[in-house]
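> Taking our numbering, the leading residue of the sequence shown gets 38, the next gets one more, and so forth.
All residues carry an ideal CB built from backbone N, CA and C; glycine is no exception.
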Amino acid sequence: MRQVQLRQADVIVLGAGIIGVSAALHLQERGRSVLLVDRGEPGGQTSHGNAGLIERSSVVPYAFPRDFATLAAFASNRSIAVRYRPATLLRMAPWLARYWWNSAPGRLERQGRAILPLIERSIDEHQRWTAAAGTQALMRGEGWIELYRSPRTLEQAVSAAAGLHGYGLTYDVLDLETLRALEPALLPGTVAGALHWRDPVTVSDPGAVTRAYAGLFVARGGTLVKADALALRQEGAQWRLPSEAGDWRAPEVVVALGPWSGDLYQRLGYRFPLAFKRGYHMHYAAVNEAAPRHPLCDAQAGFVLSAMQRGIRLTTGIELAGRDEPSDNWQLDQAENVAREIMPLGPRLDAQPWRGARPCLPDMLPVIGRAARHSGLWFAFGHAHHGFTLGPATGRLLAEAMTGAPAFCDLKPFAADRF
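#1: Is the beta carbon of Val238 closer than 7 Å to that of Leu184?
#2: Cutting at 8 Å between CB atoms, please list the residues of its own chain near Arg165, excluding the five before and the five after it.
#3: Give a yes or no on whether the C-beta atoms belonging to Leu232 and Ala194 are separated by under 7 Å.
#4: Would you give the residue range spanned by the alpha helix (DSSP H) that Met319 belongs to?
#5: How many Å lie between Gly467 and Asp161 at the Cα?
#6: Can the beta-carbon of Leu278 be found closer than 7 Å to that of Leu269?
#7: Assuming Ala256 contacts Glu281 under a Cβ cut-off of 8 Å, what Cβ separation, rounded to an integer in Å, is found between them?
#8: Determine, using beta carbons only, whether Gly230 comes closer than 7 Å to chain B.
#9: Who are Ser343's beta bridge partners in DSSP?
#10: Which residue or residues does DSSP assign as beta-bridge partners of His233?
#11: Note down the Cα distance separating Ala60 from Asp212, rounded to an integer number of angstroms.
#12: Return the residue from the list Leu402, Ser140, Gly200 and Ala141 that minimises the CA-CA distance to Leu427.
#13: Inspect the beta-carbon positions of Ile117 and Gln389 and report whether they are closer than 7 Å.
#14: Between the Cα of Gly89 and the Cα atoms of Asp242, Ile405 and Leu357, which residue gives the shortest distance?
#15: Bridge partners of Phe416, per DSSP?
#16: Below 8 Å on the Cβ atoms is my guess for Tyr204 versus Arg235; work out the distance and round it to an integer in Å.
#17: At what residue ranges does the region 61-127 contain a whole run of the beta strand (DSSP E), taking only runs of 3 or more?
#18: To the nearest angstrom, how far is it from the Cα of Met38 to the Cα of Arg44?
#19: Would you say the region 285-301 touches the region 99-106, given that touching needs at least three Cβ pairs under 8 Å?
#20: Rounded to the nearest angstrom, what separates Ala322 and Ala130 at their Cα positions?
#21: Starting from Glu373 and walking both ways along the beta strand (DSSP E), at which residues does that stretch end?
#22: Relative to the alpha-carbon of Ala222, which residue among Leu434, Arg128, Glu326 and Gly299 has its alpha-carbon at the smallest distance?
#23: Look up Ser59 in the DSSP assignment and say whether it is helix, strand or coil.
#24: Might you give, ordered along the chain, the residues of its own chain that have their beta carbon closer than 6 Å to the beta carbon of His320, omitting 5 neighbours on each side?
#25: Hey, could you find the ends of the alpha helix (DSSP H) Asp161 is sitting in?
#26: Under the criterion of a Cβ to heavy atom distance below 6 Å, does Phe456 qualify as lining the ligand FAD?
#27: Suppose you measure from the CA of Met345 to the CA of Val240; what does that come to, to the nearest Å?
#28: Can you tell me which of the three DSSP states Met439 falls into?
#29: Give the straight-line distance between the Cα atoms of Leu305 and Arg407, rounded to the nearest whole angstrom.
#30: Would you check if the region 357-365 and the region 303-317 touch, i.e. whether three or more CB-CB distances between them fall below 8 Å?
#31: Out of Glu378, Arg248, Gln337 and Thr107, which one is the CA nearest neighbour of Gly495?
#32: Using the DSSP secondary-structure output, state which residues sit across from Trp132 in a beta bridge.
#33: I need the boundaries of the beta strand (DSSP E) containing Ala287, first residue and last residue.
#34: Since Gln65 contacts Gly252 with CB under 8 Å, what's their CB separation in whole angstroms?
#35: Taking 6 Å as the limit between beta carbons, can you name the residues of its chain near Thr353, skipping five residues before and five after?
#36: Take the Cβ of Asn374 as the centre, count every other Cβ of all protein chains shown within 10 Å, and call the residue buried at 16 or more, exposed below.
This is the structure:
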């Protein structure tokens, strides 16, 4: 019988998306021997498909709408910003009720205060690795632009932005002339004005950034292997995982599997109210080199147009559907129709739309911290719309907790036992 090679690490990190890679790097920087595991390539799933925003200006969580007009528009299921499967909506009703409850003004303010320290550190924590990982050319520090199609909606947005004055954010209100100077490729007659949020950093290939961080982890002596996280098992005080390179053991494990986290934690006897807001993207060729100079968000239709390395990426809003249900291209097709009214777009460059699932919890906060019933088990998932933004800050907070270092913010709001 062949002897199975058994290797030892201090920590096994399951998932090489932006959350897992960031946790691995921070633990490594604190002297831990780390095994980073994924079934595919680093940054190949949810971390690859987003709009490429390090969203420093999103200081208010994405709340459930509470005004009748917005709810009525979404209920029609003809909104481009939010689409749903009727059967999924019925299954999600209890989750949506908790989401609505947590979106009440007072509770929303508390949730926002809890996540704010991670938002505030989002850019700095990314930039700690920029030079070493060689990602400077992929990052732009000019913010993003939110487009409004009517003077009324622009006025409402300006009023809402003014209410954020205590957060130290910088933004400009753009009339048509100023907007045209910043974005000369915009087609005339489509928008009334815009807000330019200047604090965020944007990237032209979020998947490549994640892969570069993973490459930095390996270059610093870390080990990256392909393996099935569901093969994890506990053996006494150790966790054991088979991999292509032999079996590994470690006293601690981090579950950072994004929308697939539930596949593992349910096997271990945990239950979290995890739901999914799916999204799609497609790349388009530029017409006569016309492309967005900043990411452009259509506030009404909820999509973002960004200049990426592959082409102009259109990233859709929210589809409420099961993680693995078949794709429905209606939302992307409708968003494309609107986008072509805003900016010239050439032919599609991808054979099929990309689809991903944002893992969401009803209080709009991720799970970060120790598992309640298993020694050495840690969780880091459920970042909803802000996984790419918060990955490095989450990795730092988790590593501080795991190594006993002073934490830069309170871990209690993210505790796994809060549900």
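In short, the structure shows the following:
#1: no
#2: Pro429
#3: yes
#4: Unbroken run through Met319 is the beta strand (DSSP E), Ala312 to Tyr321; no alpha helix (DSSP H).
#5: One cannot answer for residue 467 here, as it falls past the ends of the chain, which runs 38 to 456.
#6: yes
#7: Rounded, the Cβ-Cβ distance is 21 Å, inconsistent with contact.
#8: As a matter of chain content, chain B is missing from the structure shown, which is built from one protein chain.
#9: Arg350
#10: Ile182 and Asp209
#11: 42 Å
#12: Leu402
#13: no
#14: Asp242
#15: Val292 and Gly406
#16: Not quite, the Cβ-Cβ distance comes to about 13 Å (not below 8 Å), so this is no contact.
#17: 71-75 and 119-121
#18: Residue placement at Met38 cannot be trusted, given a pLDDT of 41 that sits under 50; the coordinates are not used to answer.
#19: no
#20: 40 Å
#21: No beta strand (DSSP E) holds Glu373; the alpha helix (DSSP H) holding it covers Trp367 to Ile379.
#22: Glu326
#23: helix
#24: Arg347, Gly348, Arg350, Leu386 and Asp387
#25: Ser159 to Gln164
#26: Of the ligands one can find in the structure shown there are none, so the ligand FAD has no counterpart to examine.
#27: 8 Å
#28: helix
#29: 14 Å
#30: yes
#31: Since the first residue of the chain shown is 38 and the last is 456, residue 495 is not available in this structure.
#32: Trp132 pairs with nothing; no bridge assigned.
#33: Gly283 to Ala287
#34: With a Cβ gap of about 13 Å, Gln65 and Gly252 do not count as contacting.
#35: Gly316, Tyr317, Phe340, Gln368, Leu369 and Ala372
#36: exposed
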